[in-house]
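In the UniProt record's numbering, the protein residues as written are 1 to 306.
Glycine included, each C-beta is placed from N, C-alpha and C at the ideal position.
Please read these numbers as outputs of a predicted model, since none were measured by experiment.
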Ligand SMILES: NC(=O)C1=CN([C@@H]2O[C@H](COP(=O)(O)OP(=O)(O)OC[C@H]3O[C@@H](n4cnc5c(N)ncnc54)[C@H](OP(=O)(O)O)[C@@H]3O)[C@@H](O)[C@H]2O)C=CC1
Ligand SMILES: CC(=O)[C@@H](O)[C@H](O)COP(=O)(O)O
């Protein structure tokens with residue numbers, strides 16, 4: 001992948017591997033001035049400033065694919081007004097209403113049963129812990145240059161509104177659609193063109209002929225401790241977000257393999273980021289070193305818990 005993205009005949013790269021695997025290819029592509037349609041969220045979580053630096057320096061482009069950043073991107077088209085607030089929607093995952101005391105005993109099968117989206121295992125577990133939502137806040141912070149304190153998350157169980165942007169006059173724009181990645185993928189690949197889709201079966205359409213609710217609920221921090229942990233860690237800068245992402249990758253795998261409980265995902269990540277000795281995150285070498293250390297440390301913590 002590292003070499004393939006640099007081939008002269010490649011103009012757009014769709015980065016859609018899971019986890020840290022996409023980091024080096026994404027950086028290589030940006031260093032070649034290519035456009036990267038970024039679905040793989042971990043690279044921008046691990047190395048947001050470096051990716052943006054490469055985009056600026058080498059003239060490439062990062063095109064959001066993840067549905068929430070894509071929604072924000074679509075909402076800001078043609079707008080010159082300052083953004084007052086980003087409102088990122090979260091389904092709340094499969095355990096949104098489960099009594100908190102039952103969460104330690106949930107099985108991987110239950111956690112993989114996402115209420116609205118069909119996705120790979122890593123992101124589905126991240127949706128259940130809301131680590132995924134923290135990742136989207138981080139992505140959006142770097143992609144749209146919006147201060148942390150101006151990005152909010154609201155639970156919206158239907159996943160019909162993919163995110164919203166509030167402008168300084170108070171107007172709020174939202175992007176809606178059925179939960180399908182086809183539109184965000186197409187939007188990034190053909191940007192700035194809105195491609196005509198004559199065949200409705202390709203991109204599902206919003207059905208307004210049936211009654212549909214659009215609910216908003218406040219996020220419960222005690223249900224989703226990974227959310228605050230991820231943002232507090234990332235806001236410390238340096239290699240903290242790299243360690244966070246690596247620890248989460250190990251912890252999610254360990255949960256899926258039956259080595260730790262669902263609620264231990266938080267414990268593993270917390271332990272790793274609390275013992276991390278950060279360095280400036282200015283080079284790929286620094287990121288790889290942090291990723292390697294955090295992966296080993298997370299495996300050690302999993303071993304102790306398991
Ligand atoms: N699924 C979704 O709807 C969304 C996903 N995303 C993001 O997109 C990324 C992918 O998610 P998703 O599609 O759900 O994940 P999946 O697990 O379904 O797919 C991941 C793909 O990445 C490949 N892959 C993983 N590691 C490597 C590697 N080292 N080298 C080459 N290929 C590799 C896998 O190949 P193999 O099968 O051979 O292991 C697989 O094809 C994640 O970062 C996720 O957060 C973002 C928004 C929505
Ligand atoms: C499809 C997509 O873009 C995911 O990020 C999705 O939004 C996850 O759903 P949650 O809102 O449950 O995290």
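Tell me which same chain residues have a C-beta within less than 7 Å of the C-beta of residue i, skipping the five on either side of it?
| i | result |
| --- | --- |
| residue 259 | 302, 306 |
| residue 263 | 103, 104 |
| residue 1 | 25 |
| residue 133 | 88, 90, 153, 227 |
So, at 6 Å on beta carbons, what are the nonlocal neighbours of residue i in its own chain, with the 5 sequence-adjacent residues on each side left out?
| i | result |
| --- | --- |
| residue 290 | 239, 242, 243 |
| residue 117 | 179 |
| residue 67 | 162, 184 |
So is the beta-carbon of residue i under 7 Å away from any non-hydrogen atom of ligand 1?
| i | result |
| --- | --- |
| residue 253 | no |
| residue 57 | no |
| residue 66 | yes |
| residue 39 | yes |
| residue 111 | no |
| residue 1 | yes |
| residue 246 | no |
Could you name the residues of the same chain whose beta carbon sits closer than 8 Å to that of residue i, not counting the 5 residues immediately before and after it, in chain order?
| i | result |
| --- | --- |
| residue 77 | 192 |
| residue 45 | 135, 138, 139, 234, 241, 244, 245 |
| residue 167 | 79, 81, 82, 83, 84, 173 |
| residue 32 | 5, 6, 58, 60 |
| residue 176 | 160, 161, 162, 206 |
Under 7 Å from any heavy atom of ligand 2, does the C-beta of residue i make it?
| i | result |
| --- | --- |
| residue 117 | yes |
| residue 123 | yes |
| residue 91 | yes |
| residue 238 | no |
| residue 181 | yes |
| residue 159 | yes |
| residue 132 | yes |
| residue 136 | yes |
Under three-state DSSP, which class holds residue i?
| i | result |
| --- | --- |
| residue 36 | strand |
| residue 41 | coil |
| residue 130 | coil |
| residue 164 | strand |
| residue 146 | coil |
| residue 16 | coil |
| residue 152 | strand |
| residue 7 | coil |
| residue 305 | helix |
| residue 106 | coil |
Cβ of residue i within 7 Å of any heavy atom in ligand 4?
| i | result |
| --- | --- |
| residue 16 | Ligands in the displayed structure: ligand 1 and ligand 2; ligand 4 is not one of them. |
Checklist entry - Could you give the uninterrupted runs of the alpha helix (DSSP H) lying entirely in the UniProt domain "DXP reductoisomerase C-terminal" (176-295), keeping only those of 4 residues or more? => result 182-190, 225-235, 240-256, 264-275
Checklist entry - Mind pulling the alpha helix (DSSP H) runs of 4 or more residues that sit fully within the stretch 66-91? => result 67-76
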